[in-house]
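Everything below concerns the one structure shown next.
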Ligand SMILES: [Zn+2]
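Residue numbers (this note's numbering): 591 to 960.
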């Protein structure tokens, strides 16, 4: 496997409408080294309720720790150098920090200017052994919002800390890791999607309530690939199997690749079947079409080589940054009352055409007759 040494990545939080978003996404093949991380946090100032930003940051660490039990995150209230000396835009100096600034290590493109402005930027670097460094920089220009909008800082901090755990953005609307956060309004609570990301990276897959059985391969060889997904009408707060024809259903799925498939290009696949055995495949345009040959399933989208876990919105109403996906299959939903559709999630590698890795259990969507 070809690891290119230290790979820095920039992950932007909040306000960026066009960043790619998936139901939970794991950016790297490795997580925190020894499952622990200590941040030097210099966050002067207070929230609307008088709690300090530092204390709120510590509470955000606990949102993740309380949900996992396997990770240890600490913050030390101390000002440390954030940036790499003489290197604009890089925070790589072997110190984990959380701070306010008007630029990201001299690069002001995220925090000001005419386009989308981020409330925070997190830069994480890693090597094959784990995440080696993370720096969270909160936008000083957003300070008045952090100081006036209840829950906003806590929410953004929890999201940024998720990046430092190795999590990418999620399309699931209720997820803390959703790219575009609503300003405050509620206490940050991890969604099922966030919890599944934690389970896959730092826990055991069975802790994810929407795990789709066990990972199987059509070549019958064992695989540790995992598949996650479900159908929701409330942005992923809950996942259900039975719906009314008038419900606006979104079906989310995530593929967690086999450990040995890192950095290999491939395709995502979704096969849907009805009670009477008719097969459909989801195409890259988001629509479902009849599947002619189960040995040659059309691509539902590219499998990104740099992601360990990747999702697609299998079916649903158009997301702000999603592919279109309401196809002929759902177009005739009123004819499906009394029926169930079973969605199987799979992927394949370019180097092994016709070989599929899939979840043993489908996502079930039923429209029971009264
Ligand atoms: Zn983000």
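Beta carbons: idealized from backbone N, C-alpha and C, even for Gly.
Only a predicted model underlies this, so the values are computations on that prediction, with no experimental measurement involved.
Using C-beta distances below 6 Å, list every residue in its chain close to residue i, excluding the 5 sequence neighbours before and after it, in chain order.
{"i": "residue 804", "result": "950"}
{"i": "residue 768", "result": "760"}
{"i": "residue 808", "result": "945 and 946"}
{"i": "residue 822", "result": "829 and 840"}
{"i": "residue 831", "result": "954 and 956"}
{"i": "residue 952", "result": "932, 933 and 934"}
Please state the DSSP three-state secondary structure of residue i.
{"i": "residue 853", "result": "coil"}
{"i": "residue 611", "result": "Any reading at residue 611 needs caution, since the residue's pLDDT is 33, under 50, leaving its predicted position unreliable; the model's value is listed next. DSSP places residue 611 in coil when its eight states are reduced to three."}
{"i": "residue 683", "result": "coil"}
{"i": "residue 949", "result": "strand"}
{"i": "residue 878", "result": "strand"}
{"i": "residue 724", "result": "strand"}
{"i": "residue 754", "result": "helix"}
{"i": "residue 625", "result": "helix"}
{"i": "residue 646", "result": "helix"}
{"i": "residue 776", "result": "coil"}
{"i": "residue 710", "result": "strand"}
{"i": "residue 822", "result": "strand"}
{"i": "residue 980", "result": "With the chain covering 591 to 960 only, the question about residue 980 has no answer from this structure."}
{"i": "residue 890", "result": "coil"}
{"i": "residue 957", "result": "coil"}
{"i": "residue 783", "result": "helix"}
Quick one: residues in its chain with C-beta nearer than 8 Å to the C-beta of residue i, no 5 flanking neighbours on either side, listed in chain order?
{"i": "residue 824", "result": "764"}
{"i": "residue 959", "result": "927 and 928"}
{"i": "residue 660", "result": "625, 792 and 793"}
{"i": "residue 686", "result": "627, 628, 629, 630, 723, 724, 725 and 754"}
{"i": "residue 692", "result": "698, 701, 702, 729, 730 and 731"}
{"i": "residue 887", "result": "859, 861, 871, 881, 936, 938 and 946"}
Is residue i close to ligand 1? I mean its beta-carbon at under 8 Å from any heavy atom of the ligand.
{"i": "residue 840", "result": "no"}
{"i": "residue 767", "result": "yes"}
{"i": "residue 712", "result": "yes"}
{"i": "residue 750", "result": "yes"}
{"i": "residue 741", "result": "no"}
{"i": "residue 745", "result": "no"}
{"i": "residue 753", "result": "yes"}
{"i": "residue 873", "result": "no"}
{"i": "residue 759", "result": "yes"}
Can you check whether the CB of residue j is closer than 9 Å to the CB of residue i?
{"i": "residue 891", "j": "residue 865", "result": "no"}
{"i": "residue 752", "j": "residue 622", "result": "no"}
{"i": "residue 842", "j": "residue 903", "result": "yes"}
{"i": "residue 672", "j": "residue 664", "result": "no"}
{"i": "residue 854", "j": "residue 893", "result": "yes"}
{"i": "residue 700", "j": "residue 708", "result": "yes"}
{"i": "residue 801", "j": "residue 818", "result": "yes"}
{"i": "residue 889", "j": "residue 874", "result": "yes"}
{"i": "residue 741", "j": "residue 777", "result": "yes"}
{"i": "residue 757", "j": "residue 784", "result": "yes"}
{"i": "residue 557", "j": "residue 844", "result": "Within the shown structure, residues of the chain are numbered from 591 to 960, placing residue 557 beyond reach of any answer."}
{"i": "residue 781", "j": "residue 826", "result": "yes"}
{"i": "residue 936", "j": "residue 859", "result": "yes"}
{"i": "residue 835", "j": "residue 957", "result": "yes"}
{"i": "residue 653", "j": "residue 748", "result": "yes"}
{"i": "residue 934", "j": "residue 868", "result": "no"}
{"i": "residue 881", "j": "residue 847", "result": "no"}
Can you find the residues in the same chain that come closer than 7 Å, C-beta to C-beta, to residue i, ignoring five residues on each side of it along the sequence?
{"i": "residue 710", "result": "603, 604, 726, 727, 728, 729, 746 and 750"}
{"i": "residue 743", "result": "637, 643, 646 and 736"}
{"i": "residue 658", "result": "788, 792 and 793"}
Kindly say whether residue i, judged by its beta-carbon, lies nearer than 9 Å to any beta-carbon of chain D.
{"i": "residue 782", "result": "The structure shown contains no chain D, having only a single protein chain."}
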